[in-house]
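Chemist: In our numbering, the protein residues as written are 235 to 453. We put the CB at the ideal spot given by N, CA and C, even for glycine. I am attaching a structure below and will ask some questions about it afterwards.
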């Protein structure tokens, strides 16, 4: 029985294997400097992608946790804001939290279990939409809270729905940042494979529950 560590996806390693300009006689000498700078940028992007891939499981877990927190606190705020209505800004973030939980089911399960359903453009669209929803939602709610004087500096902050809305808005802002990171990963993969016909998703965005693979050999 032998064990080996889970290695980086081959796509990232292939991303770094770019031919050096001096190895090709067709590349002019004045192009060397710009090409070298571009290779450096690509290498940094690949390293950043590897770093994010190593933390994909905790990132997805935190995204789900924050969505549930926002859903809970804003449901309380909506229910207690007034006896007959709740602000559309709060309602929209409640919708965004539910959307996120559904999107995470697709983003986690499809790449790992149903590769044919996890098209790289489908992953990108899900990430971009979720990221935009959180951005629009937390900005709109922040404006509302400022307009009604619910800013944590005056008497309004003692009102329960006000404090719940502030907490929900803070978590929504952090959720937006998390989806910015995963959206960047999906966008970089689509850009790197733009000339390929394959719709395969980025293996680095798969959620792995362990870092080792065990192989059994029979003698």
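#1: At a cut of 8 angstroms, does the region 393-403 reach the region 348-360 through at least three beta carbon pairs?
#2: Going by CA-CA distance only, name the one from 373, 364, 424 and 345 that's closest to residue 475.
#3: Alpha carbon to alpha carbon, how far is residue 379 from residue 341? Give it in angstroms, no decimals.
#4: Apart from the five residues just before and just after residue 299, which ones in its own chain have a Cβ nearer than 7 angstroms to its Cβ?
#5: Runs of 3 residues minimum, wholly inside the region 343-377: which ones carry the beta strand (DSSP E) assignment?
#6: By Cβ distance below 6 angstroms, which residues in the same chain neighbour residue 335 in space, the five residues on each side in sequence not counted?
#7: Quick check on residue 347 - is its C-beta less than 8 angstroms from some C-beta in chain D?
#8: Can you tell me whether DSSP reads residue 292 as helix, strand or coil?
#9: Where do the ends of the alpha helix (DSSP H) carrying residue 404 lie?
#10: What does a CB cutoff of less than 6 angstroms around residue 311 pick up in its chain, not counting 5 residues either side in sequence?
#11: Helix, strand or coil, according to DSSP, for residue 299 in the structure here?
#12: Which residue's Cα is closest to the Cα of residue 330: 429, 413 and 418?
#13: According to DSSP, is residue 322 part of a helix, a strand, or is it coil?
#14: Is the beta carbon of residue 364 less than 8 angstroms from the beta carbon of residue 333?
#15: Taking Cβ to Cβ, would you say residue 371 is nearer than 8 angstroms to residue 327?
#16: Can you tell me whether DSSP reads residue 383 as helix, strand or coil?
#17: Where does residue 367 land, buried or exposed, given buried means 16+ other C-beta within 10 angstroms?
#18: With a CB to CB cut of under 8 angstroms and the five nearest residues on each side skipped, what residues in its chain are close to residue 297?
#19: Kindly list the residues whose CB is nearer than 6 angstroms to the CB of residue 369, restricted to its own chain and excluding five residues on each side of it in sequence; keep chain order.
#20: Drop a sphere of 10 angstroms on the beta-carbon of residue 343, count the other beta-carbons inside from all chains shown, and report buried for 16 or more, exposed for fewer.
Modeler: Per the coordinate set shown:
#1: By the Cβ criterion, the region 393-403 is not in contact with the region 348-360, since fewer than three pairs of Cβ atoms, one from each stretch, lie closer than 8 angstroms.
#2: Because the chain spans 235 through 453 in this model, residue 475 falls outside it and cannot be assessed.
#3: For the purposes of this step, residue 341 is taken as residue 107 along the chain shown, with counting starting at 1. For the purposes of this step, residue 379 is taken as residue 145 along the chain shown, with counting starting at 1. Each residue's Cα considered, the two are about 32 angstroms apart.
#4: On the chain shown, residue 299 is found 65 positions in, with the first residue counted as 1. There are no such residues.
#5: As far as the region 343-377 is concerned, it has no whole beta strand (DSSP E) run of at least 3 residues.
#6: Taking the chain shown and counting its residues from 1, the one referred to as residue 335 is at position 101. Hits under 6 angstroms: 301.
#7: No chain D appears in the structure shown, which is made up of a single protein chain.
#8: Translated into positions along the chain shown, residue 292 becomes position 58. Of the three classes helix, strand and coil, the one that applies to residue 292 here is helix, per DSSP.
#9: Indexing the chain shown from 1 puts residue 404 at position 170. It spans 394-426 - the alpha helix (DSSP H) in which residue 404 sits, taken as one unbroken run.
#10: Your numbering for residue 311 matches position 77 in the chain shown. Answer for residue 311: 324, 395, 398 and 399, listed in chain order.
#11: In the chain shown, the residue the question calls residue 299 occupies position 65. If DSSP states are grouped into helix, strand and coil, residue 299 belongs with the helices.
#12: Within the chain shown, residue 330 is the residue found at index 96, counting from 1. Nearest in C-alpha terms to residue 330, of all of 429, 413 and 418, is 413.
#13: Locating residue 322 in the chain shown gives position 88, where the first residue counts as 1. If DSSP states are grouped into helix, strand and coil, residue 322 belongs with the helices.
#14: In the chain shown, residue 364 corresponds to position 130, counting from 1. In the chain shown, residue 333 corresponds to position 99, counting from 1. In this structure, residue 333 lies closer than 8 angstroms to residue 364 by Cβ.
#15: Within the chain shown, residue 371 is the residue found at index 137, counting from 1. Within the chain shown, residue 327 is the residue found at index 93, counting from 1. One thing to note: residue 371 has its Cβ within 8 angstroms of the Cβ of residue 327.
#16: If you number the chain shown from 1, residue 383 lands on position 149. Residue state, collapsed to three classes: coil.
#17: Counting from one through the chain shown, the residue named residue 367 turns up at place 133. Under a 10 Å Cβ-count criterion, residue 367 is classified as buried, with 16 or more other Cβ atoms of the shown protein chains found around its own Cβ.
#18: Position 63 of the chain shown, counting from 1, holds the residue named residue 297. The answer, listed in chain order, is 334, 338, 409, 412, 413 and 416.
#19: Taking the chain shown and counting its residues from 1, one reaches residue 369 at position 135. Excluding sequence neighbours, residue 369 sits near 410.
#20: Position 109 of the chain shown, counted from the first residue, corresponds to residue 343. Exposed is the call here.
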